[in-house]
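Written below as structure tokens is the structure these notes are about.
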Amino acid sequence: MRLPLTRTSLPLAATVLVCGLLYAAACIRHADEGFCTWRVLVNLLHDNAFLGLAAVGMTFVILAGGIDLSVGAVIGCTSIAVATLVEQAAWPPAVVIPLVILGGTMFGGGMGAVVHIFKLPPFLVTLAGMFLARGLGLVICLDTVTVRHPLYARVADLSLDVFPVPALVFLLVLAGGMYVAHLTRFGRAVYAVGGSEASALLMGLPVGRTKVGVYSLSGGCAAAAGVLYTFYTSSGNANAGTMLELDAIAAVVIGGTLLSGGVGHLFGTLIGVLIYGIIQTAIAFEGTLSSWWTKIVVGLLLLAFILMQKLVQSGAQRHA
Amino acid sequence: MRSAGPSICGARAARLVWPGLALLLLLASNLVSFDDGHATLHTDFFRIEIKQGHLYGSLVDVLNRAAPVLLTALGMTLVIATGGIDLSVGAVVAIAGTLAAVLITGAAPLSLPAAAALAIGAGALAGLWNGTLVAVLGVQPIVATLILMVAGRGVAQLLSAGQIITVEQAGFTAIAGGHFLMLPLPISIVTAAYVVVAILARGTSLRLFVEATGDGETAARYAGVPVPAVKLVAYGLSGLLAGVAGLLIASNIKAADANNAGLYLELDAILAVVIGGTALSGGRFFLSGTVLGALLIQALTTSILTRGVAVEWTLVVKALVVVGICLLQSPAVRARLWERRSAA
Numbered sequence: 016m017r018l019p020l021t022r023t024s025l026p027l028a029a030t031v032l033v034c035g036l037l038y039a040a041a042c043i044r045h046a047d048e049g050f051c052t053w054r055v056l057v058n059l060l061h062d063n064a065f066l067g068l069a070a071v072g073m074t075f076v077i078l079a080g081g082i083d084l085s086v087g088a089v090i091g092c093t094s095i096a097v098a099t100l101v102e103q104a105a106w107p108p109a110v111v112i113p114l115v116i117l118g119g120t121m122f123g124g125g126m127g128a129v130v131h132i133f134k135l136p137p138f139l140v141t142l143a144g145m146f147l148a149r150g151l152g153l154v155i156c157l158d159t160v161t162v163r164h165p166l167y168a169r170v171a172d173l174s175l176d177v178f179p180v181p182a183l184v185f186l187l188v189l190a191g192g193m194y195v196a197h198l199t200r201f202g203r204a205v206y207a208v209g210g211s212e213a214s215a216l217l218m219g220l221p222v223g224r225t226k227v228g229v230y231s232l233s234g235g236c237a238a239a240a241g242v243l244y245t246f247y248t249s250s251g252n253a254n255a256g257t258m259l260e261l262d263a264i265a266a267v268v269i270g271g272t273l274l275s276g277g278v279g280h281l282f283g284t285l286i287g288v289l290i291y292g293i294i295q296t297a298i299a300f301e302g303t304l305s306s307w308w309t310k311i312v313v314g315l316l317l318l319a320f321i322l323m324q325k326l327v328q329s330g331a332q333r334h335a
Numbered sequence: 006m007r008s009a010g011p012s013i014c015g016a017r018a019a020r021l022v023w024p025g026l027a028l029l030l031l032l033a034s035n036l037v038s039f040d041d042g043h044a045t046l047h048t049d050f051f052r053i054e055i056k057q058g059h060l061y062g063s064l065v066d067v068l069n070r071a072a073p074v075l076l077t078a079l080g081m082t083l084v085i086a087t088g089g090i091d092l093s094v095g096a097v098v099a100i101a102g103t104l105a106a107v108l109i110t111g112a113a114p115l116s117l118p119a120a121a122a123l124a125i126g127a128g129a130l131a132g133l134w135n136g137t138l139v140a141v142l143g144v145q146p147i148v149a150t151l152i153l154m155v156a157g158r159g160v161a162q163l164l165s166a167g168q169i170i171t172v173e174q175a176g177f178t179a180i181a182g183g184h185f186l187m188l189p190l191p192i193s194i195v196t197a198a199y200v201v202v203a204i205l206a207r208g209t210s211l212r213l214f215v216e217a218t219g220d221g222e223t224a225a226r227y228a229g230v231p232v233p234a235v236k237l238v239a240y241g242l243s244g245l246l247a248g249v250a251g252l253l254i255a256s257n258i259k260a261a262d263a264n265n266a267g268l269y270l271e272l273d274a275i276l277a278v279v280i281g282g283t284a285l286s287g288g289r290f291f292l293s294g295t296v297l298g299a300l301l302i303q304a305l306t307t308s309i310l311t312r313g314v315a316v317e318w319t320l321v322v323k324a325l326v327v328v329g330i331c332l333l334q335s336p337a338v339r340a341r342l343w344e345r346r347s348a349a
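Here the protein sequences come in this chain order: A and B.
Heads up, the first sequence is in the numbering used here, so the first residue is 16 and it goes up one at a time.
Heads up, the second sequence is in the numbering used here, so the first residue is 6 and it goes up one at a time.
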């Protein structure tokens, strides 16, 4: 019983530690500029809310042993769909938002069904999904569409005065995701399928339904992230979220989830997203450092975490 | 392990039928156009002219523009055959192109051969780095190459200080713009790369070792295959070819764009490999299939463009073609088709 505990909790503990150290270091370094304030912390969540939302869905897919390359494109497609429907077709957002989230969920579910029924690699199916979603977004509109609906102004005011709405949505979805992953039958099935699909099947778990479920969840999360993007930028753009799938996967891996499936926590994903945000904000505070350092630092962190996971795994194997 | 009997050769050739047919069908679709509501037949797409001693035409254009994808896909074929994947080629393309541009336009400008050699060497080094992570440290290939995919573009931007570096040197622009044997130079470069990789695969035990590694790593190790060395070679070659592709792309736009050079190239390369019949799970690989796959992807783009279809539809059509080809190659679909055929 001690073995799986160390295997899953040690990477998570290390991630939390690194996150804390990074934050403390940035706080000490930029104490005069006010890094260590509530506002900066909240902005950190606000700026990365749509990345975080996509990463929540991605965590489920990766836990089930799959991968979803389409999330960035789905964000672009939904953001432009919301913007054009609200602005040019004058549909009320209350109708549009549930509609696009439903659309994203069905899109993800469709990919999941293709993965399961035709036994195709998730990598390829979601790659085609990425092309399709990006293409559909570009077909809807090639330009950025600004949203001027009064609801957007109200949400923006609320975000400024009280608490950023996108950040709140992210935290709520994350809490919901943690409940689903750890306290429901579906969540158990996700871990089981990711651990070993053959064993899950022999145990009588609904493997097909679980796989379709995780991809639907990821599609729905990505669509919701696209909606958040429209609130965050007050606009929609078919090219939004380019390469975001990469950031989402990196955040999930930094959060201690193994890409081979079956091992990981949604809480780790939150920490992964926070680490991403802290690095970005710290580099912005630095002033002289350019944005590409973010990529290099994130790459180095990825390397460090992966090597640490390897060490933990080999240590666990030696004990076994 | 694999005797070169006629039946095996037949099975290998059969794998090329689907991508080959798809390519022919796609090219043939350019014979028909639907202007003013009725179909007309024309052969514009297949016309090849000689202008100033060079061949021009859509077919030449397809071959020329497919070069970067083809180069990276050749290396990717070996990597995938070992049971791995290389997500970093797009970032390596950016690094190589930027490094060459920086070396040529820098304060102490290097000669073209030296700069090109260093850029390609940097690509090979990046590939060896991936290979070390995978083969020596045992990191999952998708994760190992993800690191360079994330960090690599940052390194390229660091080299160029975030600027797009324009290169006007005649020799550099001739890499993609020059001609050899009446054809654009990239076609010769790709052909040379294909011949070298094919000779490596056929003339040495590389094919056997790579396929053995991909089929079952443990079995291969017990059979005495130097698995880590095989993987290092595959990833190193993939990085090296990505370096060459980076030079081609930078030369083609006469500039190094660290942000956009080779963006999503890895995905096109993987696609070309899979369309060509090599399974993502590793094992058998089909170099000529990969060539067909890369040409198919480029022919699709060129066909859509020459047809005058709006650019924004390109991705949608590409997605549908990819799904179609993947479904055709899916064992589940094939089994179902067979069932129906034997029942009838």
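Yeah, the Cβ is synthetic: ideal placement off N, Cα and C, and Gly gets one too.
Do you know offhand how far residue i's Cα is from residue j's?
i: residue 191 (chain B); j: residue 184 (chain B); result: 8 Å
i: residue 313 (chain B); j: residue 38 (chain B); result: 10 Å
i: residue 230 (chain A); j: residue 249 (chain A); result: 28 Å
i: residue 120 (chain A); j: residue 129 (chain A); result: 14 Å
i: residue 110 (chain A); j: residue 104 (chain A); result: 12 Å
i: residue 287 (chain A); j: residue 35 (chain A); result: 12 Å
i: residue 98 (chain B); j: residue 277 (chain B); result: 17 Å
i: residue 329 (chain A); j: residue 193 (chain A); result: 28 Å
i: residue 16 (chain A); j: residue 246 (chain A); result: Confidence at residue 16 (chain A) is low in this model, with a pLDDT of 38, below 50, so the placement of that residue is unreliable and no value is reported for it.
i: residue 262 (chain A); j: residue 66 (chain A); result: 8 Å
i: residue 146 (chain A); j: residue 127 (chain A); result: 16 Å
i: residue 308 (chain A); j: residue 163 (chain B); result: 8 Å
i: residue 18 (chain A); j: residue 326 (chain A); result: Reliability of the predicted coordinates at residue 18 (chain A) is poor, the pLDDT of 45 falling under 50, and the value obtained from them is presented with this limitation in mind. Those two C-alpha atoms are separated by around 14 Å.
i: residue 124 (chain A); j: residue 325 (chain B); result: 17 Å
i: residue 6 (chain B); j: residue 206 (chain B); result: Residue placement at residue 6 (chain B) is flagged as unreliable, the pLDDT there being 42, under the threshold of 50; a coordinate-derived value is accordingly withheld.
i: residue 52 (chain A); j: residue 64 (chain A); result: 19 Å
i: residue 220 (chain B); j: residue 212 (chain B); result: 12 Å
i: residue 67 (chain B); j: residue 200 (chain A); result: 52 Å
i: residue 266 (chain B); j: residue 291 (chain A); result: 24 Å
i: residue 281 (chain B); j: residue 219 (chain A); result: 37 Å
i: residue 264 (chain A); j: residue 275 (chain A); result: 12 Å
i: residue 338 (chain B); j: residue 115 (chain B); result: 55 Å
Rounded to whole angstroms, how far is the Cβ of residue i from the Cβ of residue j, which I believe are closer than 8 Å?
i: residue 358 (chain A); j: residue 251 (chain A); result: One cannot answer for residue 358 (chain A) here, as it falls past the ends of chain A, which runs 16 to 335.
i: residue 232 (chain B); j: residue 222 (chain B); result: 6 Å
i: residue 318 (chain B); j: residue 154 (chain A); result: 6 Å
i: residue 311 (chain B); j: residue 35 (chain B); result: 7 Å
i: residue 351 (chain B); j: residue 254 (chain B); result: In the structure as shown, chain B begins at 6 and stops at 349. Residue 351 (chain B) is therefore absent and cannot be evaluated.
i: residue 88 (chain B); j: residue 244 (chain B); result: Not confirmed; about 18 Å, so no contact.
Please tell me whether, using a cut-off of 7 Å, the distance from the CB of residue i to the nearest non-hydrogen atom of the ligand FAD is below it.
i: residue 254 (chain A); result: Here there are no bound small molecules, and the ligand FAD is not part of this structure.
Whose CA, out of the options, lies closest to the CA of residue i?
i: residue 158 (chain B); options: A:227, A:81 and A:314; result: A:314
i: residue 311 (chain A); options: B:154, B:31 and B:103; result: B:154
i: residue 246 (chain B); options: B:73, B:47 and B:28; result: B:73
i: residue 75 (chain B); options: B:202, B:137, B:110 and B:260; result: B:202
i: residue 234 (chain B); options: B:275, B:264 and B:143; result: B:143
i: residue 188 (chain B); options: B:64, B:270 and B:26; result: B:64
i: residue 273 (chain A); options: A:139, A:317, A:164 and A:100; result: A:317
i: residue 286 (chain B); options: B:327, B:147, B:108 and B:59; result: B:147
Mind checking if residue i is an interface residue toward chain A, Cβ cutoff 8 Å exclusive?
i: residue 317 (chain B); result: yes
i: residue 139 (chain B); result: no
i: residue 236 (chain B); result: no
i: residue 167 (chain B); result: yes
i: residue 81 (chain B); result: no
Counting only C-beta atoms, is residue i closer than 8 Å to chain B at any point?
i: residue 143 (chain A); result: yes
i: residue 268 (chain A); result: yes
i: residue 97 (chain A); result: no
i: residue 133 (chain A); result: yes
i: residue 25 (chain A); result: no
i: residue 150 (chain A); result: yes
i: residue 310 (chain A); result: yes
i: residue 265 (chain A); result: yes
i: residue 298 (chain A); result: no
Who are residue i's beta bridge partners in DSSP?
i: residue 170 (chain B); result: B:261
i: residue 55 (chain B); result: B:60
i: residue 37 (chain B); result: B:46
i: residue 283 (chain A); result: Answer is none; residue 283 (chain A) lacks a bridge partner.
i: residue 251 (chain A); result: A:160
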